[in-house]
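Visitor: In UniProt numbering, the protein residues as written are 1 to 599.
See the structure below:
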């Protein structure tokens with residue numbers, strides 16, 4: 001599915017600009033008109049000079065001057081309006097692209113957003129769109145100038161004198177040959193430069209961020225040596241690139257400077273004048289237009305660079321808009337109850353690796369099911385399939401007898417709440433962050449939800465519930481953020497709660513408060529817990545043990561211990577971790593005994 005502004009996902013810069021094509025064409029046309037009028041104003045100078053040399057009546061001279069002033073006025077006005085139109089197009093395109101991206105991102109599977117990463121999506125929605133805005137606003141009018149000036153100038157030159165026109169034209173291919181030689185390995189050299197640049201950025205970040213560790217465990221010489229080696233590699237790549245391009249590139253660029261062409265045209269034109277085959281007014285046409293002709297080619301090279309840069313952004317935007325939206329049923333069905341049934345569920349990662357294989361599991365309504373297993377076993381993936389962050393490859397997931405694919409997103413989200421391990425709060429008031437669970441909630445309902453979530457300390461904040469949480473909730477402690485997200489879920493009051501262990505990184509005081517909040521949240525609901533601390537799920541109605549994407553055990557705590565399988569091994573490691581302590585005193589006693597014996 002694509003946004004209505006695009007018939008298909010854009011893959012090139014011109015596809016991206018399609019919604020504002022009319023304005024862009026208008027900006028290019030106005031820019032071309034400005035260039036033609038500018039050349040026209042220059043072409044009035046030779047007849048004015050001829051009139052002065054032949055001592056024509058002042059009225060004729062003033063007539064040419066009036067024409068010149070009119071041309072200048074047209075050129076200036078058209079140029080102003082060209083950039084005015086292009087900037088309007090750029091702002092309109094920015095709105096269209098961001099609307100299309102955010103609308104489409106709201107329709108794709110949530111799993112796509114999680115796997116892509118917020119940083120990459122932010123770069124596309126923010127940076128790439130801004131880059132395209134700048135391209136449309138500032139570069140599109142240059143197309144009219146870049147292609148109109150050479151064509152019109154050459155026509156005027158050949159009309160004035162075809163011989164001198166050929167001389168002027170002959171200089172340009174030579175310059176292009178040298179430019180092509182300089183750019184023959186551009187893609188390869190640019191790729192090598194980008195890789196070296198990425199390496200040096202990575203090493204600099206590592207060197208700075210790891211300074212505390214480096215200086216604690218060594219003198220830093222090895223880390224600095226790695227930084228220096230990377231810097232030397234970067235410098236070498238720049239030197240190689242420069243050596244391959246400096247001669248041909250600089251000579252080619254020099255030929256597109258106005259002065260060399262002007263000198264050649266002046267010398268040949270002077271010789272034609274001495275042969276009495278060229279008049280001074282006609283030579284003046286070349287002296288005025290040749291520098292402008294050469295200068296017009298530079299924007300073409302600049303535009304090619306900007307086009308390549310903008311194309312990269314267009315590809316990333318197109319990749320997002322090409323991501324298939326989560327299919328929605330024509331008629332959404334309502335579940336009969338809050339039971340969950342997984343039937344032969346198989347799911348793969350985007351790269352084709354299996355994530356879950358042939359999992360079948362029944363979760364009766366109102367029960368607690370814990371998902372445990374080694375790291376990478378597929379616990380979180382399975383939990384996220386229930387609210388349909390992804391669709392399964394094979395099998396089905398049912399809520400109350402209804403396949404989740406037969407429920408639209410609104411219906412599904414009215415049945416399932418998800419409390420993430422990584423909390424997220426908007427840069428808004430605490431009140432509005434809690435209200436995300438129920439936008440029309442009253443203040444009394446918000447306070448009741450916060451109280452049930454053990455978030456009483458909100459009232460001690462400077463503005464209470466109207467305190468701004470900060471970007472991603474940075475003005476609050478980790479425990480406060482977690483309890484506010486639980487308050488949000490309590491306010492939502494959905495029959496099913498998927499809980500990605502909320503106490504994994506909490507200190508003892510916050511853990512106790514969060515556990516109380518979770519108890520309030522999950523009373524009478526179907527609860528699925530992704531468990532990292534096994535002690536917290538001992539009383540679960542059933543514990544599903546995953547290993548390498550497969551369901552290997554399922555039962556109660558004592559039953560699984562008796563089976564002496566994967567869960568028993570995990571429990572043993574958990575107990576060992578709980579009993580771990582620093583043996584400082586025993587080591588000190590042993591040292592004192594050794595010294596005494598030695599004495």
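All C-beta atoms, glycine included, are put in the ideal place defined by N, C-alpha and C.
None of the values given here were measured: they were computed from a predicted structure.
(1) Closer than 8 Å by C-beta to residue 366: which residues in its own chain qualify, once you throw out the five before and the five after it? Chain order, please.
(2) Apart from the five residues on each side of it in sequence, which residues of its chain come closer than 7 Å, Cβ to Cβ, to residue 466?
(3) Do you know how far the Cα of residue 110 is from the Cα of residue 103?
(4) Does the segment 37 to 45 touch the segment 64 to 82, meaning 3 or more C-beta pairs lie closer than 8 Å?
(5) Classify residue 532 as helix, strand or coil using the three-state DSSP reduction.
(6) Return helix, strand or coil for residue 386, following the three-state DSSP convention.
(7) Which residue from 567, 82, 200, 404 puts its Cα closest to that of residue 384?
(8) Could you have a look at residue 523 and say whether DSSP puts it in helix, strand or coil?
(9) Considering residue 84, what are the terminal residues of the alpha helix (DSSP H) in which it resides?
(10) My guess is that residue 145 and residue 31 are in contact by the Cβ rule of under 8 Å, so how many angstroms apart are they, rounded?
(11) Label residue 621 either buried or exposed according to how many other C-beta atoms from any shown protein chain fall within 10 Å of its C-beta, with 16 as the threshold for buried.
(12) Would you mind stating whether residue 347 and residue 419 have Cβ atoms separated by less than 8 Å?
(13) Looking at residue 29 and residue 140, is the spacing between their C-beta atoms short of 8 Å?
(14) Between the Cα of residue 555 and those of 549, 537, 170, 548, spot the shortest distance and give me the residue it belongs to.
(15) Of all the beta strand (DSSP E) runs that stay within the bounds of the segment 404 to 472, which reach a length of 3 or more residues?
(16) Three or more beta-carbon pairs under 8 Å between the segment 395 to 403 and the segment 554 to 573, yes or no?
(17) Per the DSSP calculation, residue 603 is bridged to which residue(s)?
(18) Would a C-beta distance cut-off of 8 Å place residue 541 and residue 369 closer than the cut-off?
(19) Check this for me: beta carbons of residue 101 and residue 286, under 8 Å apart or not?
(20) Contact between the segment 11 to 26 and the segment 84 to 91: three or more CB pairs below 8 Å?
(21) Suppose you measure from the CA of residue 333 to the CA of residue 411; what does that come to, to the nearest Å?
(22) Measure the beta-carbon distance from residue 455 to residue 480 and round it to whole angstroms, keeping in mind my assumption that it falls under 8 Å.
(23) Assuming contact is defined by CB atoms lying nearer than 8 Å, are residue 313 and residue 11 in contact in what I supplied?
(24) Am I right that residue 434 and residue 484 are in contact with their C-beta atoms under 8 Å? What's the rounded C-beta distance?
(25) Going by C-alpha to C-alpha distance, which of 289, 530, 390, 238 sits closest to residue 46?
(26) Which residue marks the beginning of the beta strand (DSSP E) containing residue 331, and which one marks its end?
(27) Go to residue 396, then tell me how far its beta strand (DSSP E) extends in each direction, as first and last residue.
(28) Would you kindly work out how many angstroms separate the C-alpha atoms of residue 576 and residue 570, rounded to a whole number?
(29) Contact defined as beta carbons within less than 8 Å: I believe residue 490 pairs with residue 453. What is the distance between those atoms, to the nearest angstrom?
(30) In whole angstroms, what is the alpha-carbon distance linking residue 19 and residue 89?
Guide: Inspection of the coordinates gives the following:
(1) Non-local C-beta neighbours of residue 366 in its own chain, meaning closer than 8 Å and more than five positions away in sequence, comprise 338, 524, 525, 526, ordered along the chain.
(2) 429, 431
(3) 13 Å
(4) yes
(5) coil
(6) coil
(7) 404
(8) coil
(9) For residue 84, the enclosing alpha helix (DSSP H) starts and ends at 58 to 105.
(10) 5 Å
(11) A query on residue 621 cannot be resolved here, the shown segment of the chain reaching from 1 to 599 and no further.
(12) no
(13) Contact flag unset, no.
(14) 537
(15) 416 to 419
(16) The segment 395 to 403 vs the segment 554 to 573: no contact.
(17) Any question about residue 603 goes unanswered here, given that the chain covers just 1 to 599.
(18) yes
(19) no
(20) yes
(21) 8 Å
(22) 7 Å
(23) Using a Cβ distance threshold of 8 Å, residue 313 and residue 11 do not count as a contacting pair.
(24) At roughly 6 Å, the Cβ-Cβ gap stays under 8 Å, so residue 434 and residue 484 are in contact.
(25) 289
(26) Unbroken run through residue 331: none, as it is neither H nor E.
(27) 394 to 399
(28) 10 Å
(29) 6 Å
(30) Answer to the nearest angstrom: the Cα atoms are 9 Å apart.
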